[in-house]
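Structure first, then comments.
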Amino acid sequence: MITMEEIEFHHTLPIQLRFNDVDKFGHVNNTVYFSFYDLGKTEYFAAVCPGVDWEKDGIVVVHIEANFLTQIFASDHIAVQTAVSEIGTKSFHLIQRVIDTNTQEVKCICKSVMVTFDLEKHESKPLSEEWIEAICVYEGRDLRKKKTSTT
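Next up, the structure:
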């Protein structure tokens, strides 16, 4: 697994802050960050895996964690950056962060484990080789989880 320092973010999506994103304390409420991350995921997969039949194939979050580093205020200009850091058989790890586009300051880091899901059978399924190849090409490295042998 690669570390946060080794991640190169090839996908950046500018985020327009809305009036209702800001709470009475004058900063973006922590629950709103997850909608930013959802937008980033959607745009990432639209760019990396075009032509997916989203009526049959899905991607679901099975684990998500966020580290809030510094506040976002209504006047800030932000973007969400998205990268895949590791690919298994049925799951992959997604790293995202919200940055201030003027200063490049990292505001929040999000790590998710995503699973490919068969929407017709309602069960997880292996990632297609087409998806794996597309993600590895986009990220510029082989992200397949290395099998460890036990002898």
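So for the sequence shown, my numbering puts the first residue at 4; every next one is plus one.
The C-beta atom is built at its ideal place from N, Cα and C for all residues, glycine as well.
Note that the structure is a prediction, hence the values are computed from the model and not measured.
- Rounded to the nearest whole angstrom, the CA to CA distance from Y141 to S38 is 24 Å.
- Taken through DSSP and simplified to helix, strand or coil, F28 comes out as coil.
- Leaving aside the five residues that flank E89 on each side, the residues in its chain whose CB is nearer than 6 Å to its CB run, in chain order, M4, H96, L146, K148.
- The residue from I81, N70, A77, K114 with its alpha-carbon nearest to that of K27 is A77.
- Closest by C-alpha distance to V83, out of G29, L72, T104, is T104.
- The continuous beta strand (DSSP E) containing S115 extends over residues 109 to 121.
- Per DSSP, the unbroken beta strand (DSSP E) holding I98 starts and ends at 94 to 103.
- Straight-line spacing of the CA atoms in I102 and A137 works out to 25 Å.
- Annotation: L146 is outside any beta strand (DSSP E) and is labelled neither H nor E by DSSP.
- Within the same chain, and ignoring the five residues on either side of H14 in sequence, the residues whose Cβ sits closer than 6 Å to its Cβ are Y47, T85.
- In the displayed model, A49 falls within a helix according to three-state DSSP.
- Note: E126 is bridge-paired with D121 in the DSSP secondary-structure output.
- The closest CA to that of D121, considering only G29, L20, E58, is found on E58.
- Listed as beta-bridge partners of Q84 by DSSP are T15, R100.
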